[in-house]
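Each remark here refers to the structure printed beneath this line.
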Amino acid sequence: MQWEMELVTGATGYVGGRLLRRLAQEGRPVRALARRPDAVDPLAGVEAVRGDLLDGGGLEEALNGCHTAYYLVHSMEPSTNGSAFADRDRLAAETFAAAAARAGVERIVYLGGIEPSGGGSRHLRSRLEVEATLLGAVPGSTALRASIVVGAGSASFRVLVRLVERLRVLPMPAWRTNRTQPIAERDVIELLARTPTVPGAAGRSLDAAGPDLMTYGEMIERIAEAMGVGRMPLGFGRSLTPPASAIVAGVTGQPLELVRPLMESLESDILPREGHDAVPVYGIRPLAFDRAVERALREWESRERLGAR
């Protein structure tokens, strides 16, 4: 198959880096957009280019001749100029969407989050706003919405693993009974990579969900079982998100700016919409949760020590 040029933004991030390797392995010509091109993995067929989504610098050159553009950027880092992450996400999406439309890009592929049943966190509302901006600018685009991604580099999965690893008694706020369908990293990358060749995904927002429906409490218990450790759950009747976020950040070593919106996301069911399941559109067979966890833990341990295993 003759592939046309594709652009990957967020190429130095977790999902972007994994996707970049997948596209390179398939021999697809790719440009990787980054503020620091030297930080992009040197891969055959990948051209690293400099660009800034906030001020638009380098976007015209990066998008030139591209059929597909992957938008895999989220502003979760602490603010340096007083602007909130949602404001930065909005500005970056609007800047990129306008540049992609001018360049004649046929499809933007975006990875966001599944809409929660109760309105959701600022984090997820921002992702839905970005989705609307991108699909509005390039009508043939595709948005994939995922819940928790199970992978060695997934921020949300790493927070859960670190809690299981470091706490013998696991505090379980009221959100422990809320439900979701986590998806394996392998399947997220598969969906992203296939999108340009799936006509049925064009112009649509689809939910990327794994086969297992479970509560957050069950998810944590199954991670503990996979790690081979016994942990005592301690239930609370309230969500306790603000104080709990600070504690979780301290225990896991993750920035509070990352942990707080992730924990806010747990306060509602995060389930796929009826009629919007990506699996039948793409024809994939998603990995079961327990297998996805084992794969993620095995990769994790190949790179760094995991004390509870």
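Residue numbers (this note's numbering): 1 to 309. Note that CB positions come from ideal geometry on N, CA and C, so glycine has one too.
- DSSP places glycine 112 inside the beta strand (DSSP E), whose first and last residues are 107 to 113.
- For methionine 214, the three-state secondary structure derived from DSSP is strand.
- Around leucine 306, the same chain offers Val161, Glu165, Met227, Leu297 and Trp300 as residues with beta carbons nearer than 8 Å, after the five sequence neighbours per side are excluded.
- By DSSP's assignment, threonine 180 forms a beta bridge with Met214 and Ile270.
- In this structure asparagine 178 is buried. Its beta-carbon is surrounded by 16 or more other beta-carbon atoms within 10 angstroms.
- When DSSP states are grouped into helix, strand and coil, threonine 9 belongs to the strand group.
- The Cβ-Cβ distance between alanine 146 and valine 188 falls below 8 Å.
- Here the C-alpha atom of glycine 112 lies approximately 7 Å from the C-alpha atom of leucine 128.
- Straight across, the Cα-Cα distance linking methionine 214 with glutamine 254 is about 25 Å.
- Taken through DSSP and simplified to helix, strand or coil, glutamate 264 comes out as helix.
- In this structure leucine 54 touches arginine 88 by the C-beta definition: roughly 7 Å separates them, less than 8 Å.
- Taken atom to atom, the span from the alpha-carbon of glutamate 274 to that of aspartate 207 is near 9 Å.
- Judged by their CB atoms, valine 150 and alanine 184 are nearer to each other than the 8 Å cut-off.
- Under the three-state reduction of DSSP output, glutamate 26 falls in the coil class, being neither helix nor strand.
- Around the Cβ of glycine 200, a 10 Å sphere holds fewer than 16 other Cβ atoms; the residue is exposed.
- Between arginine 204 and threonine 133, the gap from beta carbon to beta carbon reaches 8 Å or more.
- Methionine 5 and arginine 303 have their C-alpha atoms roughly 32 Å apart.
- CA-to-CA, the gap between alanine 249 and glutamate 267 works out to about 17 Å.
- Counting of Cβ neighbours within 10 angstroms places aspartate 269 among the buried residues, the total reaching 16 or more.
- Residue pairing by DSSP places leucine 206 opposite Leu144 in a beta bridge.
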